[in-house]
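Asks: Here you go, one structure.
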Amino acid sequence: MRRITLTVNGVRHEADVDERELLVYVLRERLGLTGTNVGCDTSSCGACTVHLDGQSVKSCTLLAVQADGREVTTIEGLATNGDLHPMQRAFRENHALQCGYCTPGMIMAATSLLAENPHPSEDEIRHGLEGNLCRCTGYHNIVKAVAAVANG
Amino acid sequence: MATTEQRPRAIGTRTLRKEDPELITGRSRYVDDIALPGMLWVAVVRSPYAHARINGIDVSRALEAPGVVAAYTGETLPFAAPLFMAWPVNAECKAPPHWPLTKDKARYAGDPVAVVVADSRVAAKDAAELVEVDWEPLPAVTDIKEALADGAPLVYEDLGTNDAGSWIFERDSPAPRRAPTAPYFQDPSLVTVTEEYYLPRLIPNAMEPRGVVVDVNAAQGEYTVYSATQIPHILRTTLVVTCGIPEAKLRVVAPDVGGGFGSKLEQYPEEAICLELAKTLGRPVKWVEERSEGYLATLHGREMYQRIELAATRDGDLKAVRVKLWASMGGYMRLITPGIPMLGAWLYAGCYDPEAYDFEYTNVFTNTTFTDAYRGAGRPEATYAIERAMDALARKLDMDPVALRRRNFIAQDKFPNYTIVSGLTIDSANYEGTLDKCLEMLGYEDVREEQARRRADGSTKVVGVGFSSWLEMCGLAPSRVLSALNYVAGGWDAATVEMLPTGTVRVLTGVSPHGQGEVTTFSQIVADQLGVDVDDVEVLHGDTQVVPFGMDTYGSRGLSVGGVALHAAGEKLIAKARTIAAHQLECAEEDLEFADGDFTVRGTDQSVNIKAVAFAAWTAHDLPPGMEPGLTAGHLYDPPNFSWPNGAHACVVEVDTETGSVAILRYVAVDDCGVRINPMIIEGQVHGGVAQGIAEALFEEARYDEDGNLRQGTMATYMVPGPPEMPSFELGHTVTPSPTNPLGVKGVGEAGTIAAPPAVVNAIVDALTHLGVTTVERPATPERVWRAIQEAQR
């Protein structure tokens, strides 16, 4: 076991974690932040995407100890003062989700994409989200939602 | 008058989903988000062999591991009955008992043989590695045709064969076909084509893996099963049989469920195991599938060989359709496994109107994961066969594939309620109209010109266009038809509408949405019907304690069965409210008009709103003599017919003749699902369905090696397409109301998956016809396309 310090959605936490424990399980099972989902065991689907120091990472691929001393943002931390993030609003307005399981990871990946490339083409959106899988929407409306945010 | 302005209609609008606020903020609750005090974790020990005898299992080392509470095998964790299978077992449906934990041998890689229960997920998983099974590996058979060969390894020795039974149209269909086909195929004046296709095995890949949590009230013998399921009601009934507990003591909850596509239309071993463990241990238990585990343990779809023969005149009049299928069951028959090919039995003539029809299939056991319903279930298979074969016929007759389709469509003036060649009756359709619109959106002539230009230029990037004119039967299902097919349950659904004293409406529905958006669409229906705001309606579902009756969500039935049940309940509620309103307004019921929530005495300004009626019904201070208080109504609706949506899809591809790679340049989908409650949600269903259909055509395939190991064992090796692999979609629609129900609605959930695969493969073949290519195997990977080109050139 090892003690780590994490700042998650602006709140500082200390936790004694198993060295092999993945970040996603610390978020979900120790901190109760179950918005971040687990969809696979091969880093393929991106359902577990969170921001680590502002960059999107797959939290099922990161050991919790690797996040020691760093800042994590999850889907629960995206809205500010009760106002939805524009990407959250755009997902709803463009019907970019159905079952919703991939949605938290997809939204976190999409906000990270726009931080790196504020005005992506359709092709750049599709490639920018290639690490995130959705089985419901065929991606059409997800691409539309991201473009809507990019185009203000 | 009480109102001066008409409330805008909610039906037909792109109402944003009421489901979304939780889902976009991470406040949803899926099974894996549930943790209960004292909860134990379950890990399942699975067979590493596709086929192996169990000579003994030793759990003693696992029991000594830290945190372990218990470990069981099939011998030490007994069940009251095997898992439930929905068809009668007989000579034509050989289904030996399927126990949740196999006792004699493993029949596929991943077959559960033991379980370990521990105080944490990790402890359970670690200890599962310590269970020692004395395996005696046996030769395995995974291919359908090899399984039928003499001397093949037997999945069930007692049966003496892997042939699990057959279904023959003339013997087994309750609706007779128009005529047998044999004379047509002997008629030398007719042109015939024989096409053979292999539909690969698919892994459904709902994004949420399966999971089960069971809570227990040991003193009362009461249990709550939380499962990532599409079918809480059916699961309740089947689990009480398997685990031997009174039906009234079991509550099943489908919380937020992250997609299903048929893969959660099942009674799974793990659901029964967890319930039995909670019963045995008196403590809550939890099991959540890992994705790679799910690839072995969650049902697979499709896998069949098809042979379809068409007979037509030289002018292109389709006369006869004859079909034979060989379908993989896998190692066991699960809930509806042997009936999946039957769901296509009446549809292999597609939208066409031949004179004769024959159909049969043989079900085959192999040492593979069991198959069962995957989005479309039987209908994508039928559509693929007929739509590919129509293109083959067009090539043979040197006709344009569009012209051949148009020539053979069931004529529009036959509707409504036309009995097709296979004996079922189509409610309504618009085959010509959807095709016309599709061609117009596509710019068919321009595509053909581009194709000719590239061919003339000798380009290595050639273009092809493929069509799929599709129909389906959905809205499962009229109970009398299910009865005639010997299915053990009905196909009705239930709804209750309650107008609460504060003027809001509570709806209980027996369907169990998991992404389809019925909380929103049902609110739209009720809002228009009762004259309330969409936000005044709450739709509850997915909990057998809240909604005691239901038949759940699959087969594009949510709206066309559950929604129609809801509408009927609403009509009953209005009828009761009308009686109360007439009492209040001191008039005859016949003198009341009901519009926009108001009962108005015809020709006067005297009116009362339904919300006031609801309050009066609740206070019960002044009701008509003998009337029960409260304003609530329920209805169980049994659809008199299936619903029969249709459409026309076109796909334009660019094929690189040097590498075999395929790019989808355009995908045009024109669908007719009757009256459209929420166009935004319908479009989403079509997008997702088409994407799965394209993936089926181009990318997805689960294969086994000779020893029966699943070669696509993880999401890293099975190609679920990501955003770069998908095009944008161009959607159109026509609206042909169903005459079967008062809403005029049909289903749409499976449309895209049914339509897309033949459109894509027809487009690839069309691109390569000038090179002599007539077929390409699925999925049409670059290697397969390249090989098809090489073989054609040889």
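One line per chain: the protein sequences are B and U, in this order. For the first sequence, my numbering begins at 5 and goes up steadily by one. For the second sequence, my numbering begins at 99 and goes up steadily by one. We put the beta carbon where it would ideally sit given N, CA and C, even for glycine.
Based on the DSSP secondary-structure assignment, which residues constitute the bridge partners of Y324 (chain U)?
Replies: Answer is U:V311, U:V351, bridged to Y324 (chain U).
Asks: By the criterion of Cβ-Cβ separation under 7 Å, what are the contact partners of C140 (chain B) in chain U?
Replies: Simply G357, G613, G786.
Asks: Can you name the residues of chain B whose CB is closer than 9 Å to the CB of T123 (chain U)?
Replies: G39, I79, E80, L82, A83, L88, Q92, P108
Asks: Is there a Cβ of chain U sitting closer than 8 Å to that of H131 (chain B), yes or no?
Replies: So, interface residue.
Asks: T46 (chain B) touches chain U at which residues, Cβ-Cβ below 9 Å?
Replies: Here the neighbours are R389, S390, T812, M813, A814, T815.
Asks: From which residue to which residue does the alpha helix (DSSP H) around R473 (chain U) run?
Replies: Where R473 (chain U) is concerned, there is no enclosing alpha helix (DSSP H), given that its DSSP letter is neither H nor E.
Asks: Assuming M539 (chain U) and V768 (chain U) make a contact with CB atoms under 8 Å, what is their CB distance in whole Å?
Replies: 7 Å
Asks: Should the stretch 272 to 292 of chain U be called in touch with the stretch 226 to 234 of chain U, which here means at least 3 C-beta pairs below 8 Å?
Replies: As far as the Cβ criterion goes, the stretch 272 to 292 of chain U does not touch the stretch 226 to 234 of chain U, which means the pair count is below three.
Asks: Hey, how far is the Cα of G39 (chain B) from the Cα of Q59 (chain B)?
Replies: 18 Å
Asks: Answer with yes or no whether the minimum CB distance from P822 (chain U) to chain B is below 8 Å.
Replies: yes
Asks: Would you report the Cα separation of P478 (chain U) and R275 (chain U), rounded to the nearest angstrom?
Replies: 21 Å
Asks: According to a CB-to-CB cut-off of less than 8 Å, which residues of the stretch 825 to 839 of chain U neighbour chain B?
Replies: S826, F827
Asks: Between V147 (chain B) and chain U, is any beta-carbon pair separated by less than 8 Å?
Replies: yes
Asks: Which residues in chain B sit within 7 Å of N303 (chain U), going by Cβ to Cβ distance?
Replies: For N303 (chain U), the chain B residues whose C-beta falls within less than 7 Å of its own C-beta are R139, listed in chain order.
Asks: Quick one: list the residues of chain B neighbouring P344 (chain U), beta-carbon separation under 8 Å, in chain order.
Replies: Here the premise fails: no neighbours, minimum Cβ distance about 33 Å.
Asks: Just checking: is the beta-carbon of R893 (chain U) within a distance shorter than 8 Å of some beta-carbon in chain B?
Replies: In the structure as shown, chain U begins at 99 and stops at 892. Residue 893 (chain U) is therefore absent and cannot be evaluated.
Asks: For the stretch 240 to 306 of chain U, which segments carrying the beta strand (DSSP E) assignment without a break, of at least 3 residues, lie completely within its bounds, in sequence order?
Replies: 261 to 266, 289 to 300
Asks: Using only alpha-carbon positions, find the residue among U:G661, U:T594, U:R876, U:D413 that is nearest to F91 (chain U).
Replies: This structure gives no information on residue 91 (chain U), because the portion of chain U shown stretches from 99 to 892.
Asks: Under the three-state reduction of DSSP, which class applies to W590 (chain U): helix, strand or coil?
Replies: coil
Asks: Quick one: Cα of T101 (chain U) to Cα of A710 (chain U), how far?
Replies: A caution first: T101 (chain U) carries a pLDDT of 47, below 50, which makes its placement in the model unreliable, though a value can still be read off. Each residue's Cα considered, the two are about 14 Å apart.
Asks: I want to see whether chain U comes within less than 8 Å of G43 (chain B), judged by CB atoms only; does it?
Replies: yes
Asks: Could you work out which residues of chain U lie near H144 (chain B), taking near to mean beta carbons separated by less than 7 Å?
Replies: H785, S826, F827
Asks: Compute the distance between the beta-carbons of A216 (chain U) and P146 (chain U), then report whether it is under 8 Å.
Replies: no
Asks: For M99 (chain U), which residues of its own chain have a beta-carbon under 6 Å away from its beta-carbon, when the five flanking residues on both sides are left out?
Replies: Caution applies to M99 (chain U), whose pLDDT of 40 falls short of 50 and renders its modelled position unreliable; the model cannot decide the point.
Asks: Go ahead and label N85 (chain B) buried or exposed: buried means 16 or more other beta carbons lie within 10 angstroms of its beta carbon, across all protein chains shown.
Replies: exposed
Asks: State the DSSP-derived secondary structure class of K362 (chain U), mapped to helix, strand or coil.
Replies: coil
Asks: Taking the alpha carbon of Q510 (chain U) as the reference point, which residue from U:D489, U:N744, U:K422, U:T838 has its own alpha carbon closest?
Replies: U:N744
Asks: State buried or exposed for R107 (chain U), treating a residue as buried only when at least 16 other CB atoms are found within 10 Å of its CB.
Replies: exposed
Asks: Applying the criterion that 16 or more other CB atoms from any shown protein chain within 10 Å of the CB defines a buried residue, is V386 (chain U) buried or exposed?
Replies: Classification of V386 (chain U): buried, given that the 10 Å Cβ count is 16 or more.
Asks: Mark N243 (chain U) as exposed unless 16 or more other C-beta atoms lie within 10 angstroms of its C-beta, in which case mark it buried.
Replies: Note on residue identity: the sequence assigns Lys, not Asn, to residue 243 (chain U). Answer is exposed; the Cβ neighbour count stays below 16.
Asks: Does any residue of chain B bring its CB to less than 8 Å from the CB of E306 (chain U)?
Replies: yes
Asks: Is V21 (chain B) close to chain U? Criterion is C-beta to C-beta, closer than 8 Å.
Replies: Not one chain U Cβ lies under 8 Å of V21 (chain B).
Asks: Check whether the Cβ of E18 (chain B) lies closer than 7 Å to any heavy atom of the ligand NAD, and answer yes or no.
Replies: With respect to the ligand NAD, the structure offers nothing, as it holds no ligand at all.
Asks: Quick one: what's F507 (chain U) bridged to in DSSP?
Replies: The partner list for F507 (chain U) (beta bridge, DSSP) reads U:Y450.
Asks: Given a cut-off of 8 Å, decide if M440 (chain U) and W424 (chain U) are closer than it, judged by their beta-carbon atoms.
Replies: no
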